[in-house]
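Novice:
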DNA sequence: TTGACAACCTTACGGCGTAAGCGTACCTTA
DNA sequence: TAAGGTACGCTTACGCCGTAAGGTTGTCAA
């Protein structure tokens, strides 16, 4: 039980506060001191619940893995299962943009990580993919999904209006665009017609799914 | 001219030293003080040649863009031009693994960045792709390439022998793998047969290229 | 000769991750 | 009830980090 009435600090509370700070946009400035302040404690007290900052990040990444919709091994429509898996990953990675580069780079994979990858391989194997083919399929899908999330993360605007404004600023900052006529075309076209990431994502995803067969 | 005979420090020398440190594996611990020491100067002296650390990173990223093989607008075989572009990107991103997450996230794109993207769009437009289709094509290709590089970067081994060793360690660290039979299959299979990134990359690339037509 | 300027310097500030060790409230066992 | 152990919070301190402020010095143009 907790001393002095305050409800007890746990690893879950620490990770929850860190997740909130990271999602709030302050991932690159996320620090042990700020997490500690968010849970009303001094920095060093966190070390009773996480081994170090790396361990804290491992915990965050596994929470994100837990939010992903794992495909069901043995699903009737394996292609649709993979489609829904992909859209789930894009949604989740957009909620937690800081996580994009970290998902597959943890040395110590957490339980949700294992669960998710096991389900993906299971779905492919049960759909009739051979072992090598299943690895190929998950590799190309994940590369595309993470790569798309990476590109989507790096654009500093969300609405089409912001989009246009940013492009104008960028164009103004570059002294002479005449050597790059094809880029000028992209920028003017996008400034007027906007850009829809969801459509773009679906295009590439369907292209890849169409090329996959057991 | 330089005082005291020592050849003058330039932005290029600063970026060169920083690139060497980053490629040497110390990107996450790259600091202004270390770059300064590498060029025989105090940290604050760097600020005569770069605005700040962000500007230094912008410079590094543009150097990497400069190493990429840009496709030629109007190439006879546009598909092969894109294929060579993709392999060039994988090669370069493997030489500069720290750059993977940074390439498309710079607020201020450098001249080599502009040159490369202009060439890519030009190659697609001249191959007969409509404007929207060209954007689709470059989006799916780049997402795949960057995503693949991201996954390749995060694996902490290079040779098949190291690969096996790492897998054994990982498997030993996880208490009970029985809930994840499909993962066990992957790990044992890979430990014996190894894993070839080049083949894996080519598989996905050809799948995507096969699905692209003007 | 003078004065401006560029390039390198020292100093200092606030923030970082975390090692070391202290204090106190609680639980177990005698 | 008393004694000892343990869990969990705390303070302090170290060596890093990026960079603001401003000093020094060697080289030029006027």
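Chains as they are written, first to last, in my numbering: chain A, 104 to 317; chain B, 104 to 317. Cβ coordinates follow ideal geometry from the N, Cα and C atoms, glycine included.
Hey, residue 234(B) and residue 292(A): beta-carbon distance below 9 Å or not?
Specialist: yes
Novice: If you draw a straight line from the alpha carbon of residue 147(B) to that of residue 206(B), how long is it in whole angstroms?
Specialist: 27 Å
Novice: For the stretch 112-144 of chain A, which residues have a beta carbon sitting closer than 7 Å to at least one beta carbon of chain B?
Specialist: none
Novice: Check for me: the alpha helix (DSSP H) holding residue 165(B) runs from which residue to which?
Specialist: 156-170
Novice: Please confirm whether residue 117(B) and residue 153(B) have their CB atoms less than 9 Å apart.
Specialist: yes
Novice: In whole angstroms, what is the alpha-carbon distance linking residue 137(A) and residue 123(A)?
Specialist: 11 Å
Novice: So, at 7 Å on beta carbons, what are the nonlocal neighbours of residue 218(B) in its own chain, with the 5 sequence-adjacent residues on each side left out?
Specialist: 173
Novice: Using a Cβ-Cβ cut-off of 6 Å (strictly less than) and excluding sequence neighbours within five positions of residue 170(A), which residues of its own chain qualify?
Specialist: 195
Novice: How far does the alpha helix (DSSP H) with residue 151(A) in it reach, from first residue to last?
Specialist: No alpha helix (DSSP H) holds residue 151(A); DSSP gives it neither H nor E.
Novice: Rounded to a whole number of angstroms, what is the C-alpha to C-alpha distance between residue 139(A) and residue 145(A)?
Specialist: One C-alpha to the other measures close to 5 Å.
Novice: Just reading off the alpha helix (DSSP H) that residue 217(B) is part of, what are its end residues?
Specialist: 214-229
Novice: Determine which residues of the stretch 290-306 of chain A have a Cβ less than 7 Å from any Cβ of chain B, and write them out in chain order.
Specialist: 292, 303 and 306
Novice: Is residue 242(B) helix, strand or coil by DSSP?
Specialist: helix
Novice: On the DSSP letters alone, give me the boundaries of the alpha helix (DSSP H) that residue 119(A) sits inside.
Specialist: 114-124
Novice: Under 8 Å between beta-carbons, which chain A residues line up against residue 286(B)? List them in chain order, please.
Specialist: Correct list: 217, 220, 221 and 224.
Novice: Since residue 215(B) and residue 168(B) should fall inside the 8 Å C-beta cutoff, what is the C-beta to C-beta distance between them, to a whole number of angstroms?
Specialist: 4 Å
Novice: What are the residues in the stretch 158-189 of chain B lying within 9 Å of chain A by C-beta distance?
Specialist: 176
Novice: Does residue 317(B) have its Cβ less than 9 Å from a Cβ in chain A?
Specialist: no
Novice: Of the residues 208(B), 238(B), 241(B) and 200(B), which one's Cα is nearest the Cα of residue 208(A)?
Specialist: Closest in alpha carbon position to residue 208(A), among 208(B), 238(B), 241(B) and 200(B), is 200(B).
Novice: Output needed in chain order: residues of the stretch 191-204 of chain B with a Cβ under 9 Å from some Cβ in chain A.
Specialist: 203 and 204
Novice: To the nearest angstrom, how far is the alpha carbon of residue 104(A) from that of residue 112(A)?
Specialist: Because the pLDDT of residue 104(A) is 36, which lies under 50, any placement of that residue in the model is unreliable, and the question is left without a value.
Novice: Let me make sure I understand the geometry here. Which of 197(A), 142(A) and 307(A) has the alpha-carbon closest to that of residue 236(B)?
Specialist: 307(A)
Novice: Chain B partners of residue 233(A), CB-CB under 9 Å?
Specialist: Simply none; closest approach about 11 Å.
Novice: Would you call residue 193(B) buried or exposed, if buried means 16 or more other Cβ atoms sit within 10 Å of its Cβ?
Specialist: buried
Novice: Buried or exposed for residue 286(A), please, with buried defined as at least 16 other CB atoms from any protein chain shown within 10 angstroms of its CB.
Specialist: Under this definition residue 286(A) is a buried residue.
Novice: Roughly how many whole angstroms lie between the Cα atoms of residue 166(A) and residue 142(A)?
Specialist: 18 Å
Novice: Alpha carbon to alpha carbon, how far is residue 191(B) from residue 133(A)?
Specialist: 35 Å
Novice: Is it buried or exposed for residue 256(A), if we count other Cβ within 10 angstroms and need 16 for buried?
Specialist: buried
Novice: Answer yes if the stretch 277-285 of chain A comes into contact with the stretch 156-163 of chain A, meaning at least three C-beta pairs across the two stretches below 8 Å, and no otherwise.
Specialist: no
Novice: Would you check if the distance between the CB atom of residue 177(B) and the CB atom of residue 225(B) is smaller than 9 Å?
Specialist: yes
Novice: Measuring alpha carbon to alpha carbon, tell me which of 202(B), 281(B) and 317(B) ends up nearest residue 128(B).
Specialist: 202(B)
Novice: Put residue 180(B) into one of helix, strand or coil per three-state DSSP.
Specialist: coil
Novice: Please name the residue, chosen from 258(A), 249(A), 228(A) and 110(A), that lies closest to residue 299(A) on a Cα-to-Cα basis.
Specialist: 258(A)
Novice: Would residue 107(A) be called buried (16 or more neighbouring beta carbons within 10 Å of its own) or exposed?
Specialist: Summary for residue 107(A): the model assigns pLDDT 41, below 50, so the residue's position carries little reliability; its value from the coordinates is reported in the next sentence. Burial call: exposed.
Novice: Among 126(A), 135(A) and 296(A), whose alpha-carbon lies nearest the alpha-carbon of residue 198(A)?
Specialist: 126(A)
Novice: If you draw a straight line from the alpha carbon of residue 249(B) to that of residue 204(B), how long is it in whole angstroms?
Specialist: About 8 Å.
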